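In order, the protein sequence lines correspond to chains A and B. For the first sequence, position 25 matches number 25 in UniProt numbering, and the numbering has no gaps at all. For the second sequence, position 53 matches number 53 in UniProt numbering, and the numbering has no gaps at all. For every residue, glycine included, the Cβ atom is placed at its ideal position computed from N, Cα and C. Treat the numbers as computed from the prediction; the structure is a model and nothing was measured. What follows is one structure encoded as structure tokens, with my remarks underneath.
Number of protein chains: 2
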Amino acid sequence: MTAWRGGRCYGAGVSASQPVRGTRVRGTRQAEALASALECLAGFRSAQDIHAELRRRGERIGLTTVYRHLMVLSEDGAVDTIRDEDGETLYRRCETSEHHHHVTCRSCGRSVEVEGRAVELWADRVAAEAGFVDVDHTVEIFGLCPACAAK
Amino acid sequence: MTAWRGGRCYGAGVSASQPVRGTRVRGTRQAEALASALECLAGFRSAQDIHAELRRRGERIGLTTVYRHLMVLSEDGAVDTIRDEDGETLYRRCETSEHHHHVTCRSCGRSVEVEGRAVELWADRVAAEAGFVDVDHTVEIFGLCPACAAK
DNA sequence: CCGATAGTGAAAACCGTTTTCATGCTTTCC
DNA sequence: GGAAAGCATGAAAACGGTTTTCACTATCGG
Ligand SMILES: [Mn+2]
Ligand SMILES: [Mn+2]
Ligand SMILES: [Zn+2]
Ligand SMILES: [Zn+2]
Numbered sequence: 001m002t003a004w005r006g007g008r009c010y011g012a013g014v015s016a017s018q019p020v021r022g023t024r025v026r027g028t029r030q031a032e033a034l035a036s037a038l039e040c041l042a043g044f045r046s047a048q049d050i051h052a053e054l055r056r057r058g059e060r061i062g063l064t065t066v067y068r069h070l071m072v073l074s075e076d077g078a079v080d081t082i083r084d085e086d087g088e089t090l091y092r093r094c095e096t097s098e099h100h101h102h103v104t105c106r107s108c109g110r111s112v113e114v115e116g117r118a119v120e121l122w123a124d125r126v127a128a129e130a131g132f133v134d135v136d137h138t139v140e141i142f143g144l145c146p147a148c149a150a151k
Numbered sequence: 001m002t003a004w005r006g007g008r009c010y011g012a013g014v015s016a017s018q019p020v021r022g023t024r025v026r027g028t029r030q031a032e033a034l035a036s037a038l039e040c041l042a043g044f045r046s047a048q049d050i051h052a053e054l055r056r057r058g059e060r061i062g063l064t065t066v067y068r069h070l071m072v073l074s075e076d077g078a079v080d081t082i083r084d085e086d087g088e089t090l091y092r093r094c095e096t097s098e099h100h101h102h103v104t105c106r107s108c109g110r111s112v113e114v115e116g117r118a119v120e121l122w123a124d125r126v127a128a129e130a131g132f133v134d135v136d137h138t139v140e141i142f143g144l145c146p147a148c149a150a151k
């Protein structure tokens with residue numbers, strides 16, 4: 001698969017997936033470098049981790065730009081985000097467009113995407129019983145992956 | 001029910017639920033005021049909200065103290081904590097000692113405690129299938145409560 | 001090339017939370 | 001009662017991840 005390219009405008013008021021009429025999208029060195037890094041990294045990583053990784057590779061890119069692209073990619077569903085126990089946001093390339101959750105390693109960040117009709121049904125039922133509407137849920141599973149558990 | 005009293009030492013190395021031999025627990029005006037506020041507040045609130053509420057009631061208490069007590073209370077299982085979408089920690093008096101989750105109103109913070117054998121089993125199964133050990137999970141459901149939905 | 005303008009990034013602001021530390025309060029011991 | 005011991009308090013400062021600012025740069029249609 002070719003590296004991700006293109007993107008969207010950063011300007012205010014732009015929220016549709018299509019660029020606003022009269023605007024253009026520019027491919028930049030930085031966007032491509034980030035996409036390529038996300039392609040390689042196995043698990044969930046913080047923005048600062050990813051930035052450090054890019055620098056390690058010799059890329060010239062600012063932390064602000066990493067944050068900006070990650071924000072857009074996650075809005076577009078191209079990367080998943082979770083919050084670790086310290087409240088730090090972690091990012092990882094998303095592998096499916098279906099609704100899903102993760103089993104993530106606390107130690108190395110490695111993550112497996114899982115789908116589960118059972119939880120979805122449970123969440124909807126429980127919320128309905130409480131009389132709540134416009135319902136939404138977060139489900140994250142953390143543990144030690146086989147590799148980290150072996151240590 | 002009488003207001004919560006007692007507590008635990010703040011010193012390092014104290015983690016048991018029983019006070020360390022030779023130390024005593026002090027009931028302070030501030031601890032009591034916080035307990036009483038938690039008793040009244042219906043839903044999940046931020047530490048700053050709770051502090052503001054206490055000040056509104058005329059209590060003289062510092063924000064640091066509110067944070068300190070909430071931290072201890074949550075470690076002891078007397079209050080539940082969740083993270084809102086901005087990553088801010090919200091607190092609420094816990095009503096049960098059983099493992100449980102919440103259906104929480106995005107708008108007013110009102111929350112219902114729910115237990116669900118189904119999710120617990122699902123989480124354990126999914127993690128085991130991925131070969132993860134020492135597993136743990138977070139499950140939170142958000143929506144609009146009946147009152148807020150009516151508006 | 002040029003001009004319009006989206007993208008970049010160093011530095012500063014933001015903001016919830018934690019740490020510091022001097023000053024209270026209780027409790028304990030005499 | 002008095003004094004010493006040490007937990008509790010809270011204003012102020014530090015912390016750290018993230019966002020904002022804004023002057024500058026790079027891209028690309030024409
Ligand atoms: Mn789900
Ligand atoms: Mn559970
Ligand atoms: Zn691992
Ligand atoms: Zn509500």
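| Check | Outcome |
| --- | --- |
| Can you give the Cα-Cα distance for A149 (chain A) and F132 (chain B), rounded to whole angstroms? | 8 Å |
| Is E120 (chain B) near ligand 2, with its Cβ less than 6 Å from a heavy atom? | yes |
| Any beta-carbon of chain A closer than 7 Å to the one on F44 (chain B)? | no |
| Less than 7 Å between C-beta atoms, sequence neighbours within five positions excluded: which residues of the same chain meet that for E115 (chain A)? | E98, H100 |
| Any chance the CB of S46 (chain B) is under 6 Å from a heavy atom of ligand 4? | no |
| Could you give the distance in angstroms between the alpha-carbon of R110 (chain B) and the alpha-carbon of K151 (chain A)? | 43 Å |
| With a floor of 4 residues, list each alpha helix (DSSP H) that falls wholly inside the segment 36-122 of chain B, ordered by position along the chain. | 47-56, 63-75 |
| Which residues share a DSSP beta bridge with G131 (chain A)? | Answer is none; G131 (chain A) lacks a bridge partner. |
| Please output, in chain order, the residues near ligand 4 using a CB cut-off of less than 5 Å to any non-hydrogen atom of the ligand. | B:C105, B:S107, B:C108, B:R110, B:C145, B:C148 |
| Check this for me: beta carbons of I141 (chain B) and A123 (chain A), under 7 Å apart or not? | yes |
| Comparing the C-beta of T138 (chain A) with each C-beta of chain B, is any distance below 7 Å? | yes |
| With a threshold of 8 Å on Cβ separation, who are the neighbours of E95 (chain A) within its own chain once the five nearest residues in sequence on each side are excluded? | E113 |
| Using 10 angstroms around the beta-carbon of L121 (chain A), count the other beta-carbons present and answer buried if the total reaches 16, otherwise exposed. | exposed |
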